[in-house]
Structures are given as C-alpha cells and as structure tokens.
Amino acid sequence: IANIVDIQLPYSIIVDYAHASLLRHSKSIFSELYRRLSPAIRDDVDIALAKQPFPHFFNRRMKSFKDLSFVKATEVRNILFYGFLPIFHQHLPINLLSHFALYITGMRLLHGSPIFGDKTPEIAHVLLMKYYEDFCLFYHGLENFVLHVHSHFKAQHQKFGAFSHLGSFGQESLVGYMGSNFTGTRYQGDIISENYSLDIVLRHEIN
C-alpha cells in the first residue's frame, strides 16, 4: 500500500479494528467454523452462546451464530473475547482451535491495557504473525487484504495506544446525533464545522 499512498500505515490511515478485525475477519472465521459443524452441534453452540455468563456489569447477552449477519461489532467482540474458546473447544480439532486462539489472544492484548508494558504490542504481533503465517493451512479463500492489515497493528498500537480507544463508531454516532437534530440528512459537514467553531469561541471566551 506504500506505493499507493505517500505515507505508510498506520500513519496515513488508522486501521479501524472494529471494522477490519471484528466485522470483517472475525465474522468471516465465525461463519466458516460454524459451517464446518454438524446441524446438531450448531444448535448446541447457539444455545451455549445464549447462556454464556458475563460479568454482571456487561448487561447484554451473546447472539447466536445463525443470526450472525445481524450481530454488531461489540457483540462480535464479546463472542471473540469471552465466548468462543469456552464453547468451541468442545467441538473443534485442537490444532484448528489453537490456531484461532493465537488471533484471539493477540487481539485481546491490543484491545485492552498493556499488561506486558511496552512489550505488549510486540507479543501481540508475534502471535498475529504466526496466525497469519499458518492461515493457509486451515482456511481457503479467506486470505485477503483485511487479514494483511493486521501486520500493521503493532506500529498502530505503539503510536496510538490500545484499540479500545480507537475507532470510527464515535464519529458515526456524532453524525447520527447531529442528523437527529436537523431536518433531513444534508449539510452535516456544515453543522459539525459550525458547532466546532462555536466550541472554539466559547473556550476562548471562558479562558
């Protein structure tokens, strides 16, 4: 991609992991692994997901894989981080499960607090690159650019920090909020610019 843009990732564009890792790659792997299960085991998995306990402060439940096309990014994250391994270890070959566990662990390290300090992104990178290296041994037709962008996550984490603080959903929510307070869906840029200018003026007056 450096031949297309003049600045390399992640400095030219911040990769939104919610779209790349959750809505694209994780969903694709979920669908593929779910497809490989027998119908009876699929039913067991869907029931187990619905019953999987969460910490009391989560206040939400996991969605079944049969409704995966309607599952949001936060719900994919919950399944990836908290539900997949406890449920699927009973139904998948150990080598296949272990391979995907590399991805889950790497993403958990990048998403949350740096539990290994400055070495956190390096450890996550090693796990993700091993997952990338062996990907063709377990999947066919799913090795794409979305998978490749994960190789840039180490630099992105080092530059901008944990992925839980990055994403485009905040901006999307802002646009949605602005749209709900204005007739129609036009002039969103003008509204955002006007409110931003007012904010600068107010801060200047207060100071």
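Counting from 246, one number per residue, gives the positions in the sequence shown under this note's numbering. All C-beta atoms in this analysis are idealised placements derived from N, C-alpha and C, irrespective of residue type, glycine included. This one's a predicted model, so the numbers in the text were calculated from it and none came from an experiment.
Would DSSP call residue i helix, strand or coil?
i: M307; result: coil
i: F315; result: helix
i: F299; result: coil
i: I332; result: helix
i: I258; result: coil
i: L411; result: coil
i: R281; result: coil
Short of 7 Å in beta carbon distance, which residues of its chain neighbour residue i, apart from the five on each side in sequence? Order them along the chain.
i: E388; result: F380, C381
i: A346; result: L330
i: K265; result: The amino acid at residue 265 is misidentified as Lys; the sequence shows Ala. Excluding residues within five positions, the ones whose Cβ falls inside 7 Å are V391, V394.
i: I259; result: Q401, F405, L411
i: R269; result: V391
i: L282; result: V290, H336
i: G328; result: L294, Q297, M307
i: P284; result: none
i: E367; result: K399
Assuming residue i contacts residue j under a Cβ cut-off of 8 Å, what Cβ separation, rounded to an integer in Å, is found between them?
i: A318; j: L267; result: 4 Å
i: L341; j: F383; result: 6 Å
i: S396; j: Y377; result: 7 Å
i: V290; j: H344; result: Not really, about 18 Å apart at Cβ, beyond 8 Å.
i: F326; j: I349; result: 7 Å
Please return the same chain residues whose Cβ sits closer than 8 Å to the Cβ of residue i, not counting the five positions on each side in sequence.
i: S409; result: H356, G357
i: Y224; result: Absent from the model: residue 224. The displayed extent of the chain is 246 to 452, so no value can be given.
i: K272; result: L313, V316, V321
i: R287; result: Y279, F310, K311
i: K364; result: none
i: G403; result: According to the sequence displayed, residue 403 carries Gln and not Gly. P366.
State yes or no: is the C-beta of residue i nearer than 6 Å to some heavy atom of the ligand GTP?
i: P298; result: No copy of the ligand GTP occurs in the structure displayed, which carries no ligand at all.
Leaving out the 5 sequence neighbours to the left and right, which residues in its chain are closer than 6 Å to residue i when beta-carbon positions are compared?
i: I360; result: none
i: I324; result: M307
i: A369; result: G351, L354, L355
Jot down the residue ranges of each uninterrupted beta strand (DSSP E) in the region 334-407, minimum 3 residues, whole runs only, in chain order. Considered as a whole, the region 334-407 harbours no complete run of any beta strand (DSSP E) with no fewer than 3 residues.
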